[in-house]
Structure formats: structure tokens, C-alpha cells
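Under my numbering, think of the first position of the sequence shown as 69, with each following residue one higher.
Note that CB positions come from ideal geometry on N, CA and C, so glycine has one too.
Note that the structure is predicted; figures quoted are calculated from it, not measured.
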Amino acid sequence: MESHLVFSDGFLVAVLVRMSDIHGDRAGMWFLEAGFGPVDHPDPPTFANLDEAQSWVEWRLECKR
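The following block contains the structure:
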């Protein structure tokens with residue numbers, strides 16, 4: 069399993085996980101496994117790539133400031 073930790077100002081704000089083949093059409097996409105603070109979300113999104121995920125995290129952080 070491939071994953072990435074996302075930090076902002078030294079704080080962990082998100083854990084992103086790459087979806088495996090068992091997810092069918094979504095295999096290779098990225099999933100918000102856990103979001104903290106302003107990145108927490110009741111319906112965690114999926115992303116086509118890490119750039120899309122990073123943009124979403126940055127947007128969430130900006131919206132909540």
C-alpha cells in the first residue's frame with residue numbers, strides 16, 4: 069500500500085492512500101484516509117492524482133483560516 073502524509077506548518081493534516089486493484093475502476097486513485105483539523109471531512113473524497121489531492125488540501129486549509 070502506498071501512502072503519503074501531508075503536513076502544514078509542521079502539523080499532520082492528512083493521510084492519503086493510493087487505492088489498490090481491489091477497488092476496480094478507482095484503482096490507482098488517491099483517497100483521504102484521514103483528515104485532521106480543517107481537512108477533516110465527513111465524506112472523504114478521492115483524487116485522480118497527488119497534485120489534485122494537494123490542491124484540495126490547500127483549498128480546505130485556506131477556507132478554514
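Cα-Cα separation, residue i to residue j
{"i": "G96", "j": "F115", "result": "9 Å"}
{"i": "W80", "j": "L73", "result": "Residue identity check: residue 80 is Leu in the sequence provided, not Trp. If you take the alpha carbons of L80 and L73, they lie about 7 Å apart."}
{"i": "V107", "j": "W127", "result": "9 Å"}
{"i": "E120", "j": "A102", "result": "16 Å"}
{"i": "P112", "j": "G92", "result": "18 Å"}
{"i": "M69", "j": "Q122", "result": "19 Å"}
Beta carbon of residue i nearer than 8 Å to that of residue j
{"i": "L84", "j": "F99", "result": "yes"}
{"i": "S76", "j": "R86", "result": "no"}
Local Cβ density within 10 Å of residue i, reported as buried at 16 or more and exposed below that
{"i": "W124", "result": "buried"}
Extent of the continuous alpha helix (DSSP H) run through residue i
{"i": "V125", "result": "118 to 131"}
Bridge-paired residues (DSSP) for residue i
{"i": "F79", "result": "S76"}
{"i": "G103", "result": "A82"}
{"i": "S88", "result": "Partner(s): none; S88 has no beta bridge."}
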